Structure formats: C-alpha cells, structure tokens
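Single-structure report; data block below.
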Amino acid sequence: MITSKFIEDSSLPVLSWCAQFEKQSNALTIRHGSGVDVIGNGFVEGAWDGQFSDFDFIDSSVMCGTGGTVSSDEARFIASTHRLNPIVSIEKAGVIYLSNSIMFVLTAAGEDLDPIYPYYPYDLIKIWRQGDHCPAGEVPLSSQNKLRFHFGALITIQSGGDIQYDFPYAGEEPSDYQEYHATLSQKVKQVVANAQDPARKIQFEPIAALTQGYDSSATCILAKEAGCEDTFCIADSLLSNPSLDTGEENAQRLGMNYSEVDRWDFNSLPYERTAELSLFSLSSYAPVAAAEELLNNRLFITGHRGDLVWDIGKIQAHKNLEHTWARFLSGVNMMEYRLRVGFCILSPATILERHTEAIDRISRSDEMKPWSVDNRYNRPIARRIIEEGGLPRGTFAGKKIGTGHYNFRYSKKDTTPFMIHYGEFLKQSHANVPWTKRAYWKARHWIDDIHWRKLSSDKAKHIRSTPQQRRSPFVYNVSPLKARWHSSFTLQWAFSILKDRYSFNPSSQDE
1 MITSKFIEDS SLPVLSWCAQ FEKQSNALTI RHGSGVDVIG NGFVEGAWDG QFSDFDFIDS
61 SVMCGTGGTV SSDEARFIAS THRLNPIVSI EKAGVIYLSN SIMFVLTAAG EDLDPIYPYY
121 PYDLIKIWRQ GDHCPAGEVP LSSQNKLRFH FGALITIQSG GDIQYDFPYA GEEPSDYQEY
181 HATLSQKVKQ VVANAQDPAR KIQFEPIAAL TQGYDSSATC ILAKEAGCED TFCIADSLLS
241 NPSLDTGEEN AQRLGMNYSE VDRWDFNSLP YERTAELSLF SLSSYAPVAA AEELLNNRLF
301 ITGHRGDLVW DIGKIQAHKN LEHTWARFLS GVNMMEYRLR VGFCILSPAT ILERHTEAID
361 RISRSDEMKP WSVDNRYNRP IARRIIEEGG LPRGTFAGKK IGTGHYNFRY SKKDTTPFMI
421 HYGEFLKQSH ANVPWTKRAY WKARHWIDDI HWRKLSSDKA KHIRSTPQQR RSPFVYNVSP
481 LKARWHSSFT LQWAFSILKD RYSFNPSSQD E
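Per our numbering, the very first residue in the sequence shown carries number 1; after that it's consecutive.
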C-alpha cells in the first residue's frame, strides 16, 4: 500500500515540487512550494480544461502545468500537454525522484551534471524529435545514473516501483473548421476560468503574447474571447524600427492593454536571470527575463507550435507529436524561471494537436481557400481566426520576424555580467577535469559537428519518425543549430547557480 506525505516549504520556488518514492516501503513524499495546491491525495501547479473543484487534471486533454494523484496502489503524474513543462526523474538506490524542476530533482537525488559533457542541448532535441516514441528520454549524469525527461507524458508508479508511461486524452476529433474553432475557444475559456478559480492558492490572470505574426495574433484572439484584457510583446531596440513586429497597434485595434519589454534588457540584469532562462544554449529565453513583473501570477497565453500545427505541409508529419526537423526547443527554457516567478503557460495551438489528419484536412479544405495565401508563410486556420476575430488583412503575418529566443554564444570580449560569470564558471569547472577527458570530449564534439553537417540535409524535411531516424536524428534530417564548444555548458552553469534554491529547509511542516 502506498502512503503519501506532503511537505510545504515556503523557501522553494513557488510552483516547484519534487516527489520521492521509496520502492521498498512504498512511501511517497512530496515537497513543494507555497503556490502548489494540495487537495486530499493530489497536488497540482497549473490550470486545465475542467472545474478546479473537481481536481480531475489527470484526465484532462489540456493541462497547463504539472501535478499528481496518489491512491493505495499507484501514484500518477502528468506533465503539461503542450510539452513545454516536462517532468524529470532520476532512479537511484531503490528510490524514484520526480520533479517539475531539473535543479530540484538533481539536488534531491544528490546528483550532479557531467561538467565536461557538451551534448545536453543536442540530447534534449533528440528526445523532443521523437515525440511519443520517447516518453522517458535519458541524458547522462556525472555518476552512472541517468536524468530522464518526460515530455507530455502520464507517468504511473505502481506499488513496488514499476513504472508505466501513457499520454493524456487527445480530445474529440474535429470534423470541420467551425467545430475545430469552437473547441479551441471552449478549451481556452475553460482553462482561463480554472486558472482564476477563487479556491486556488494563486489566481492566475490571463495575459497574451502579441506580435504581428500568425501564431500570437490567433492565440490573442482566442484569449480575448475568453476574457483576457492584457497583452505584452518583446521589442528589439537594435532594429532600425524597434516596433517592426510588436503588437501595439493590433492591441489597440482589439481594445486590449499593451505592455512591452526590450529584447536586450537582460544584459543589465543579474547573471542569475540569464542562467535560469538559458538551460539549453540553442534556445535561451533570456529576453523574457525583463518581463518578470508582467508574468507574476499569470496565465501566459502564447503561440507556441502554431508554426507546426497551423502551417500547411508540416502537420502531416506531426503524428504522435513527432517533430523530426526541430533544430532547437522553443519555450522549454522557461521551466525554472516559470516556477520561481509563478506563472502557467497555455498554448492554444497545441489543443487537439494529436488529431493531425483532421487538422490537415481542415487546412486544405475548400472552405478555407479564402484564407489561404500563395506563399511559404501560409496558415489558413490562424488567418481565419484572426480576421474573423477583428484584425483586418494586412495588419499581421506580412513576414516572419519576431522571436523570444536568444542563441547563447560565449565571447571573452563580452563584458555583460552574465557572460563574465559564465566564463569564470567554465575556467573553474573545467580545470578540475583531467586534460585527457577534456581533449576527448572537445575532439568528439568537433568531429560530430562536421559529421552531422556533412551528412545531414541542408533543409528541414517535414517527414515522419522512423527507427533509423531515431538512432541518427541529425543525419537523416536537418542538423540542430550549432552549439559551439564554449557555449555548450549552460545547463551545468545554471545548476551551479540555482541548486541552492532547493536546499532542504528543516523547519518545513507536514500538511
């Protein structure tokens, strides 16, 4: 019989949690931050498409966060259905550790990352590309143990410690655009209502990202229909026209409040802010650091994966959430930042995304031809949502420009606080590694980079996953963005800074 104990620790990041399951005794202990809701034998940080009072997030088709439930014979955990908030785990010495934080699970298990291993950014892309084929992707640690990533998974631990993996309910398949749009609208409204429920420890007020692109514009329309009044955008002060892709004018057209931060504000912030948003160097989200006050206690509604789900030609190859051409991971780098700042993420494009054939059929149907344009930036579903939602043609999606990404590239000449600190970290951590091991990994990194770029396709191929491709993903499709040697250790750097957040507080009380 499984027994459970919940321990709230106010010193932890507000939405963080870590579960420790002892196989021999079947004892499950969950330590969590002050914003995690605990009702009975369940806990959750996030919102879903159901009534909060029902606490039925395990059975939801839209889960914006993570949580778990415990019964006498099993414990079940759910990661976010949009896959931006994975659960991570380590199995060690008869104990299974699970968490929504890489830093928390490493600290709880007494583990460390390999200081000279340069492939963490690439390993995560390999796992991501496989979709449902890889519900427990592994990366190495400094010991012989592994760190597992569970993207979009349902995890069941049975009495005795056996683990099973499944995936959340996909929702009802839509038959046409009207049904698809109605479901998106309904689900967004349900999540927004759930997030604001007064019975919660934290009520998450909605705020939508808004640029002039398809994806954020469409999701902003859906957010407005659900009662969202606030938008924000990241402007780029280094452009000749910093407002080139901001959503300010469209926010005015929609009658919504608008705020913005500058893309480069993070350069003047403490180095910890860049570290917690740069776990994986290929897709740092450092520009979001300056939006901390805007995102605190918010349901952040974004356009993530609209470029895949709503773009004609890509959704066909997305069955089982496969994404074989991904060159970096968009949004995953917010996982530690999100837990500290205290916000949830809703990505409307990922609602019903498992119904790839239906979405593709709708996009190509005769009824959608008025919203289909003759160029490579063609997303008729998104365009129809936007235009019927109140934004006229010509005010959005002229050209793909905006992004919240920052490709972390180390430079000794860069004198920003975070770059200086990162450089010092590299010197100290690598100095303790035998020179033969350093030479081996550096040579292998260089050879693999040449190998991938010589053998892989120059362009992304929107194709299904195969066993052969899963073994050599960067040969049988486009290679990832290049992570230079000195820029490949941001996860180790972040852990060295953030691990103290998760030190045990002996004054914490059982609930």
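All C-beta atoms, glycine included, are put in the ideal place defined by N, C-alpha and C. Computed from a predicted structure; not experimentally measured.
Of the listed residues the options, nearest to residue i (C-alpha basis)
| i | options | result |
| --- | --- | --- |
| Ser268 | Pro370, Ala290, Lys454 and Met1 | Ala290 |
| Gln212 | Lys224, Asn194, Glu179 and Thr246 | Thr246 |
| Trp452 | Tyr476, Ala27, His32 and Ser237 | Tyr476 |
| Asn297 | Ser10, Phe6, Lys5 and Val14 | Val14 |
| Arg83 | Ala382, Gln316 and Arg305 | Arg305 |
| Gln556 | Gln158, Lys146 and Pro467 | The structure shown does not extend to residue 556, since the chain is modelled only from 1 to 511, so the question has no answer here. |
| Ser330 | Gln186, Val288 and Gly313 | Val288 |
| Leu321 | Glu229, Leu12 and Ser465 | Ser465 |
| Thr395 | Asn250, Pro135, Ile30 and Gln130 | Asn250 |
| Asp132 | Asp414, Asp166, Tyr440 and Lys5 | Asp166 |
| Tyr271 | Thr416, Ser71, Glu179 and Trp48 | Thr416 |
| Ser143 | Ile90, Ser363 and Lys224 | Ile90 |
| Phe343 | Pro434, Leu210, Leu299 and Asp9 | Leu299 |
| Met368 | Ile312, Glu357, Ser347 and Asn26 | Ile312 |
| Leu282 | Asp265, Asn194, Pro121 and Ser457 | Pro121 |
| Lys459 | Gln130, Ala326, His32 and Ile116 | Ala326 |
| Ser10 | Trp435, Ile221, His32 and Met1 | His32 |
Sub-8 Å separation of residue i and residue j beta-carbons
| i | j | result |
| --- | --- | --- |
| Ala349 | Tyr377 | no |
| Leu491 | Leu113 | yes |
| Pro168 | Ser61 | yes |
| Gly42 | Gly68 | yes |
| Tyr214 | Arg384 | no |
| Trp128 | His323 | yes |
| Phe280 | Leu184 | no |
| Ile96 | Phe149 | no |
| Leu294 | Phe204 | no |
| Ile30 | Phe55 | no |
| Glu111 | Leu154 | no |
| Pro473 | Phe328 | no |
| Leu12 | Val88 | no |
Residues of its chain near residue i, where Cβ-Cβ distance is below 6 Å and the 5 sequence neighbours each way are ignored
| i | result |
| --- | --- |
| Lys201 | Gly35 and Asp37 |
| Arg354 | Ala170 |
| Ala576 | Past the edges of the chain, shown from 1 to 511, lies residue 576, and the structure says nothing about it. |
| Lys92 | Ala109 and Asn145 |
| Gln186 | none |
Contact set for residue i: own chain, Cβ-Cβ below 8 Å, skip 5 residues either direction
| i | result |
| --- | --- |
| Ser80 | Gly46, Met63, Cys64, Gly65, Thr66, Pro86, Gly152 and Ile345 |
| Gly227 | Lys189, Val192 and Pro206 |
| Ser284 | Thr274, Leu277, Ser278, Asn333, His405, Tyr406, Asn407, Phe408 and Thr490 |
| Asn410 | Note on identity: in this sequence residue 410 is Tyr, with Asn being the wrong assignment. Met419, Tyr422, Gly423, Leu426, Arg484, His486 and Ser487, listed in sequence order. |
| Leu73 | One detail in the question is off: residue 73 reads as Asp in this sequence, not Leu. Excluding residues within five positions, the ones whose Cβ falls inside 8 Å are Met1, Ile2, Gln158 and Ser159. |
Check: residue i C-beta below 7 Å from any heavy atom of the ligand NAP
| i | result |
| --- | --- |
| Glu387 | Inclusion of the ligand NAP in the displayed structure is not the case, the ligand content being empty and no account of it being possible. |
Nearest-angstrom Cβ-Cβ length linking residue i and residue j, presumed shorter than 8 Å
| i | j | result |
| --- | --- | --- |
| Arg76 | Thr3 | Contact flag wrong, Cβ pair sits at about 16 Å. |
| Pro118 | Ser488 | 4 Å |
| Ala199 | Phe52 | 6 Å |
| Gly303 | Ser175 | Not confirmed; about 25 Å, so no contact. |
| Ile301 | Ala431 | Not quite, the Cβ-Cβ distance comes to about 45 Å (not below 8 Å), so this is no contact. |
| Lys314 | His181 | Wrong, their Cβ atoms sit about 20 Å apart, outside the cutoff. |
Residues near residue i by beta carbon distance below 7 Å, same chain, minus five either side
| i | result |
| --- | --- |
| Asp307 | Asp215 |
| Asp236 | Pro242 and Arg263 |
Interface flag, residue i vs chain B, CB-CB below 8 Å
| i | result |
| --- | --- |
| Leu154 | The chain labelled as chain B is not found in the depicted structure, where only one protein chain is given. |
message: Just to confirm the assignment: which complete beta strand (DSSP E) runs, minimum length 3, are found wholly within the segment 310-382?
response: 343-346
- request: Could I get the ranges of all uninterrupted alpha helix (DSSP H) runs contained in the segment 395-474, with 4 residues as the minimum, in chain order?
  value: 417-431, 435-455 and 467-471
task: Any chance you could list the beta strand (DSSP E) runs of at least 3 consecutive residues sitting entirely within the segment 147-226, in chain order?
output: 154-158, 163-166 and 205-209
- prompt: Going along the chain, which unbroken runs of the beta strand (DSSP E) with 3 or more residues stay wholly within the segment 35-72?
  reply: 37-39, 42-48 and 63-70
- request: Just list the alpha helix (DSSP H) runs in the segment 243-276, keeping only unbroken ones of 4 residues or longer that don't cross its boundaries, in chain order.
  value: 248-254 and 271-276
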